[in-house]
Amino acid sequence: MSYKFQEQETVSLLKQLVEIPSPSGYTKDIMDFMEQFLKDIDVNYIRTNKGALIATIIGENDTKHRLLTAHTDTLGAMVKEVKSSGRLKLAMVGGFNWNAVEGEYCTIHTADGRKIRGTILMHQTTVHVYKNATTLARDEQNIEVRVDEKVKSASETRELGIEVGDFVSFDPRFEQTESGFIKSRHLDDKASTALLLQLMKAIKENKWTIPYTTHFYISNNEEIGFGGNSNIPEQTVEYIAVDMGAIGDGQTSDEYTVSICAKDSSGPYHYELTRNLVELAKVEGIDYKLDIYPYYGSDASAAIRAGFDVKHALFGPGIEASHAYERTHIQSLENTAKLLYSYIQSEIL
Numbered sequence: 033m034s035y036k037f038q039e040q041e042t043v044s045l046l047k048q049l050v051e052i053p054s055p056s057g058y059t060k061d062i063m064d065f066m067e068q069f070l071k072d073i074d075v076n077y078i079r080t081n082k083g084a085l086i087a088t089i090i091g092e093n094d095t096k097h098r099l100l101t102a103h104t105d106t107l108g109a110m111v112k113e114v115k116s117s118g119r120l121k122l123a124m125v126g127g128f129n130w131n132a133v134e135g136e137y138c139t140i141h142t143a144d145g146r147k148i149r150g151t152i153l154m155h156q157t158t159v160h161v162y163k164n165a166t167t168l169a170r171d172e173q174n175i176e177v178r179v180d181e182k183v184k185s186a187s188e189t190r191e192l193g194i195e196v197g198d199f200v201s202f203d204p205r206f207e208q209t210e211s212g213f214i215k216s217r218h219l220d221d222k223a224s225t226a227l228l229l230q231l232m233k234a235i236k237e238n239k240w241t242i243p244y245t246t247h248f249y250i251s252n253n254e255e256i257g258f259g260g261n262s263n264i265p266e267q268t269v270e271y272i273a274v275d276m277g278a279i280g281d282g283q284t285s286d287e288y289t290v291s292i293c294a295k296d297s298s299g300p301y302h303y304e305l306t307r308n309l310v311e312l313a314k315v316e317g318i319d320y321k322l323d324i325y326p327y328y329g330s331d332a333s334a335a336i337r338a339g340f341d342v343k344h345a346l347f348g349p350g351i352e353a354s355h356a357y358e359r360t361h362i363q364s365l366e367n368t369a370k371l372l373y374s375y376i377q378s379e380i381l
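So the number in the numbering used here is just where the residue sits in the sequence shown, counting from 1, plus 32.
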């Protein structure tokens, strides 16, 4: 068996994924896409009541299983209030700072299926009118959506079909640079999702044999804390969250390597399994960084918290400016893909 990273195919798939709106709670469209992808590559799967997908490829050993998970849900918002001006007050979906979406274009998804455009702005944006425009708090009281329709009142906005509880998605603004960078919202965690889909496709197309039955859990509630922690097959021994590596001061993670997490806010990951990933990277010549993420949780840690008896670990591409306008490099995607390939061929501890 030999592995070749399909760069352009992976980037093209990633672009498709980030351009399908999928804030947590509004993931049917992205999961329908996933389901069709799995059908097209002839991988068996089940769809859970929560809307997640668990795809399974049978290995030579079907008594011990491993599980890889990535999530398709993203940050977003919901309409909290239709204001008297016709503009919208928002409630966050997922953890981000309001300044990270100030000025972003967005789409309001109405209950009757309409998609209405808007822009997320401070109420006091106009510096020619508001003296304190630059110093006011960026929060739910001051941030609003300017609706791109001719509305001047709450009643006119409601006539469009917009109501409290409608989802609001942020434009991804996907771009690939000649220098190999990929910039987009929602690389967390659609970058890793694309890598898992590509891995499944490669296994099927090349008719590779894998040593252990492996489940690919595509979850849809991770950003709100309870994604891939249900319906875990009881034979599962090892559980790997394939998610982003956090970059910042004091971190070792970067945009060019695969980040392996030793500990996050939930506590240490399984020591032996984490060290096994490090050794695989060393043996295979995969560029990696070992890191600790202080304000982070994953579907793997959620599964442990839920009481599942599994060995858990976390790795993924390094993502700059997480939960904002994110960026990574094609080298990070390639190194993560290589570690995924090496891992599924390795022995269970």
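Where a beta carbon is used, it is the ideal one built from N, C-alpha and C, also for glycine.
Inter-residue CB distance, Tyr373 and Ala345 (contact presumed, cutoff 8 angstroms):
In this structure Tyr373 is not in contact with Ala345, their Cβ atoms being roughly 16 angstroms apart against a cut-off of 8 angstroms.
Can you tell me whether DSSP reads Asn308 as helix, strand or coil?
helix
Counting pairs of beta carbons, one from the stretch 220 to 227 and one from the stretch 47 to 56, are three or more of them closer than 8 angstroms?
Counting Cβ pairs under 8 angstroms, three or more are found: they touch.
Using only alpha-carbon positions, find the residue among Leu309, Ile235, Asn253 and Gly280 that is nearest to Asn271.
Before going further, note that residue 271 is Tyr rather than Asn in the sequence given. Out of Leu309, Ile235, Asn253 and Gly280, Leu309 has the C-alpha closest to the C-alpha of Tyr271.
Where does the unbroken beta strand (DSSP E) through Leu107 begin, and where does it stop?
That residue, Leu107, is in no beta strand (DSSP E); it is neither H nor E in DSSP.
Please work out which residues of its chain come closer than 8 angstroms, Cβ to Cβ, to Arg170, disregarding the five sequence neighbours upstream and downstream, and give them in chain order.
Cβ neighbours of Arg170 within its own chain (closer than 8 angstroms, five residues either side excluded): Asn129, Trp130, Asn131, Glu134 and Met154.
Do Ala234 and Gly348 come within 9 angstroms of each other at the CB atom, strictly closer than that value?
no
Alpha carbon to alpha carbon, how far is Ser54 from Tyr375? Give it in angstroms, no decimals.
For Tyr375 and Ser54, the distance between alpha carbons rounds to 29 angstroms.
What's the gap between the Cα of Lys314 and the Cα of Lys370?
About 12 angstroms.
Between which two residues does the alpha helix (DSSP H) carrying Tyr375 extend?
Ile362 to Gln377
Could you pull the start and end residues of the alpha helix (DSSP H) that Asp61 belongs to?
Lys60 to Asp72
Going by other Cβ atoms of all chains shown within 10 Å of its Cβ, with 16 needed for buried, is Gln363 buried or exposed?
buried
Could you have a look at Lys215 and say whether DSSP puts it in helix, strand or coil?
Lys215 falls in the strand class under three-state DSSP.
Indicate the three-state DSSP secondary structure (helix, strand or coil) for Leu168 in the structure shown.
coil
Alpha carbon of Val179 to alpha carbon of Ser34, nearest angstrom:
52 angstroms
Output yes or no for whether 9 angstroms exceeds the beta carbon distance between Ile148 and Thr157.
In terms of Cβ geometry, Ile148 and Thr157 do not form a close pair [threshold 9 angstroms].
I need the DSSP call for Met276, collapsed to helix, strand or coil.
coil
Out of His218, Tyr303 and Leu120, point me to the one whose CA is closest to Ile194's CA.
Leu120
Considering Ala332, what are the terminal residues of the beta strand (DSSP E) in which it resides?
Here Ala332 belongs to no beta strand (DSSP E); instead the alpha helix (DSSP H) covers Asp331 to Arg337.
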